[in-house]
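**Student:** Each residue of the sequence shown is one higher than the one before, counting from 922 in the numbering used here. Pasting in a structure now, in structure tokens, and then I'll have a few things to ask.
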Amino acid sequence: MSALLDLTAPLLICCALLCAAFQRVDIYGALVEGARKGLRVMADILPALVALFPALALLRSSGLPALLGELLSPALHALGIPPETTLLLLLRPISGSGALAAASELIERWGADSLIGRTAAVMIGSSETTLYVSALYFAAAGVKRSRWAVPAALCADLACFVSSAWICRLLWG
């Protein structure tokens, strides 16, 4: 079974090439055109990335996450979310790597089998880097006003965090 799984990607590529050949598609031309479009998308996305990464570095170095953690602790406790996950909650919508580092630190400190460690793992696995992805997609699509897309996505993240904490508490609490 493992050998079949290892061959999945090469088999899919071969099937795509065979289908293209049977339909008489210029495979090299399609590849070059796809690369050209990819470079255009990258050029459209680059300004958003240039703005987002320094903003993330400023947030981390400002000490704001620690202050917000102290302020939000009572509300998080009332929602059933472990207050120790505050930094993860704040970073996840902004930065996947920052949130992964925060989750890693929680798991290292509290243990992978602890309620906090499991909650952090479920939160990081079931949520998205909303602001990062929105900035990339909207920049690539040329969207100037996102309207309710970002607030709705942030509400979905909040629902994800709350349900992750509740499910972990229900299963392992």
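For every residue, glycine included, the Cβ atom is placed at its ideal position computed from N, Cα and C. Fair warning: this is a prediction, and the values are worked out from it, not measured in the lab.
1. I need the DSSP call for S1047, collapsed to helix, strand or coil.
2. Please confirm whether W1087 and G1001 have their CB atoms less than 8 angstroms apart.
3. Tell me whether the beta-carbon of G1017 lies closer than 8 angstroms to the beta-carbon of Y1058.
4. Does the structure place the stretch 1019-1032 close enough to the stretch 988-998 that three or more beta carbon pairs sit under 8 angstroms?
5. Relative to the alpha-carbon of A1080, which residue among I1037, L997, V946 and G1038 has its alpha-carbon at the smallest distance?
6. For my contact list, S1047 and S1055 are in at a C-beta cut-off of 8 angstroms; report their separation, rounded to the angstrom.
7. In whole angstroms, give me the CA-to-CA distance for D1034 and V971.
8. Could you round the C-beta distance between Y1089 and T1040 to whole angstroms and report it? I think they count as a contact, below 8 angstroms.
**Tutor:** Here's the rundown:
1. Helix, per DSSP.
2. yes
3. Contact flag unset, no.
4. These segments do not touch.
5. L997
6. Contact between S1047 and S1055 is ruled out by a C-beta separation of about 18 angstroms, above the 8 angstroms threshold.
7. 38 angstroms
8. It is worth fixing the name first, because residue 1089 is Cys in this sequence and not Tyr. Contact holds; Cβ gap of about 4 angstroms.
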